[in-house]
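**Student:** Every letter in the sequence shown is one number past the one before it in my numbering, and letter 37, counting from 1, is 568.
A virtual CB, placed ideally from N, CA and C, is assigned to each residue, including glycine.
It should be emphasised that the depicted structure is a prediction, and the values quoted were computed from it without experimental measurement.
Let me give you the structure first, and then I'll get to my questions.
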Amino acid sequence: MDLSALTDTGRAALWMHGHVHHSLDLVRPGGARILCNPAGPRFANPAFDAARAIAIG
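Next up, the structure:
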């Protein structure tokens with residue numbers, strides 16, 4: 532699904548997501564920062580950064 536209408540038009544400042552198997556931190560043309568920091572099963576992602584973990588509760 533192409534969500535660039537949200538990330539590239541200035542409608543979103545930050546986009547956090549999961550269910551991928553690698554870390555990602557980039558800024559789209561409209562300024563939205565896309566951030567993904569998965570730990571993976573038993574912390575299988577060597578690029579996981581515990582300092583970037585966000586608790587939602």
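CB residue 579 to CB residue 586, shorter than 9 Å?
**Tutor:** No, these two residues do not count as a Cβ contact at 9 Å.
**Student:** Only counting the same chain, and skipping five residues up and downstream in sequence, which positions put a Cβ closer than 6 Å to that of residue 545?
**Tutor:** Cβ within range, chain order: 564.
**Student:** Relative to the C-alpha of residue 556, which residue among 539, 566, 572 is closest?
**Tutor:** Checking every option, the nearest Cα to that of residue 556 belongs to 566.
**Student:** Please say whether residue 552 and residue 575 have beta carbons closer to each other than 9 Å?
**Tutor:** Yes, Cβ-Cβ distance for residue 575 and residue 552 is below 9 Å.
**Student:** What does the alpha-carbon distance come out to for the pair residue 532 and residue 588?
**Tutor:** About 28 Å.
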